[in-house]
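Please read the structure below before turning to the comments.
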Amino acid sequence: MSDFRRVPMGVDPYKPSSARIYNYMLGGKDYYEADLEYAEQVLRVAPDSKALARMSRRFLLQGVEVAVGAGVCQIVDVGAGIPISPSVYEVARKVEPSVRVVSIDFDPVVHAHATAMLSGAAGNTPMLADLRQPADMIDRLSSEGLIDFAQPVAVLIVGVLHFIMDEENPGGILAELRAAMAPGSYLVVTHATSESDSRFVRQAMSATKGSSAVPALRSRAEIASYLEGLETLAPGLAPIQDWLDDDLPATRVEILGCICRKS
32 MSDFRRVPMG
42 VDPYKPSSAR
52 IYNYMLGGKD
62 YYEADLEYAE
72 QVLRVAPDSK
82 ALARMSRRFL
92 LQGVEVAVGA
102 GVCQIVDVGA
112 GIPISPSVYE
122 VARKVEPSVR
132 VVSIDFDPVV
142 HAHATAMLSG
152 AAGNTPMLAD
162 LRQPADMIDR
172 LSSEGLIDFA
182 QPVAVLIVGV
192 LHFIMDEENP
202 GGILAELRAA
212 MAPGSYLVVT
222 HATSESDSRF
232 VRQAMSATKG
242 SSAVPALRSR
252 AEIASYLEGL
262 ETLAPGLAPI
272 QDWLDDDLPA
282 TRVEILGCIC
292 RKS
């Protein structure tokens, strides 16, 4: 676990953080005792959470390789979380050393960690911003000279959309991003579905009731409607296991992933 002597300014190590809990699930070191205790509670309700977190991470990095391999040299990682190796930046720069990455999160705790950890990493910029305000996010990326939307960009939205409530208009958010992206851009996205194991859904809703982590599970058809106007690469909108090379087992919660291209 992280050394308390190195706690970034503005971070409370005694209050659980969803980003640090996710870091633990991925096998990282940037969590504290409070995060570990909460993570163990989550695992008692959803024992395959670690496996899902790691599969989602593999899918994310596969999307990076696809986009950068196609010539995209700028990446916006939305809901980036606490940096962990191999990172989006590391994977992208192995393919193309000139790639620029902007790591966006709306959580000040994450931003504090990322700012401390990414200091001195050229072309890797943390930004405190909220996907639910896409116009502001796009404007800042452009006006601060971080992303040139006249050129192709890869936008990564993994593990985020199912925390955008219906009233926050997830379809409209993606439509704004799609409109800003130049032809040749990529969108890498995941979303937990309402077709997941019904017992798990009930447990997850009960465990997260009243917190900021209540998911909005949606049908495959609704998720697909958010991607209209984009070319979906094979195997299309499918369980993330189908995108990975290994013969991976099904999990109680079904997470769909898709890598899309704007023509």
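So for the sequence shown, our numbering puts the first residue at 32; every next one is plus one. Using N, Cα and C, we set each Cβ at its ideal position, and we do this for glycine too. Computed from a predicted structure; not experimentally measured.
Query: Length-filtered (4 minimum) alpha helix (DSSP H) runs lying within the segment 224-288; Result: 229-239, 251-256, 271-274
Query: Endpoints, the beta strand (DSSP E) within which residue 189 is located; Result: Here residue 189 belongs to no beta strand (DSSP E), and DSSP marks it neither H nor E.
Query: The segment 176-189 touching the segment 204-224, judged by at least three CB pairs closer than 8 Å; Result: yes
Query: Buried or exposed (CB count within 10 angstroms, at least 16 for buried), residue 196; Result: exposed
Query: When 110, 125, 126 are compared against residue 163, the one with the closest alpha-carbon; Result: 110
Query: Residue 168 versus residue 233 - alpha carbon distance; Result: 34 Å
Query: Residue 12 vs residue 67 beta-carbon contact at 9 Å; Result: It is not possible to answer for residue 12, since the shown part of the chain is limited to 32 through 294.
Query: Cα-Cα separation between residue 184 and residue 209, rounded to whole angstroms; Result: 11 Å
Query: Proximity test, residue 99 beta-carbon vs the ligand GDP heavy atom, cut-off 8 Å; Result: Within the structure as shown, the ligand GDP is missing, as the structure has no ligands at all.
Query: Reduced DSSP category for residue 9 - H, G, I as helix; E, B as strand; rest coil; Result: Because the chain is modelled from 32 through 294, residue 9 falls outside the range shown and cannot be assessed.
Query: Cβ pair residue 269, residue 288 closer than 9 Å; Result: yes
Query: Within 9 Å, strictly: CB atoms of residue 158 and residue 144; Result: no
Query: Residue of 193, 173, 147 minimising C-alpha distance to residue 212; Result: 173
Query: Assigned secondary structure, residue 163 (DSSP; H/G/I helix, E/B strand, else coil); Result: coil
Query: Beta carbon proximity, residue 50 to chain D, threshold 9 Å; Result: In the structure shown, chain D cannot be found, because there is only a single protein chain.
Query: Cβ-based burial, residue 36 [other Cβ within 10 Å; buried from 16]; Result: Reliability fails at residue 36, whose pLDDT of 40 lies under 50, so the model's placement of it is uncertain and the value that follows must be treated cautiously. With fewer than 16 Cβ atoms within 10 Å of its Cβ, residue 36 is classed as exposed.
Query: Residue 262 versus residue 71: straight-line alpha-carbon distance, rounded; Result: 40 Å
Query: Proximity of residue 113 and residue 63 at Cβ, strictly below 9 Å; Result: no
Query: DSSP-derived helix/strand/coil call for residue 139; Result: helix
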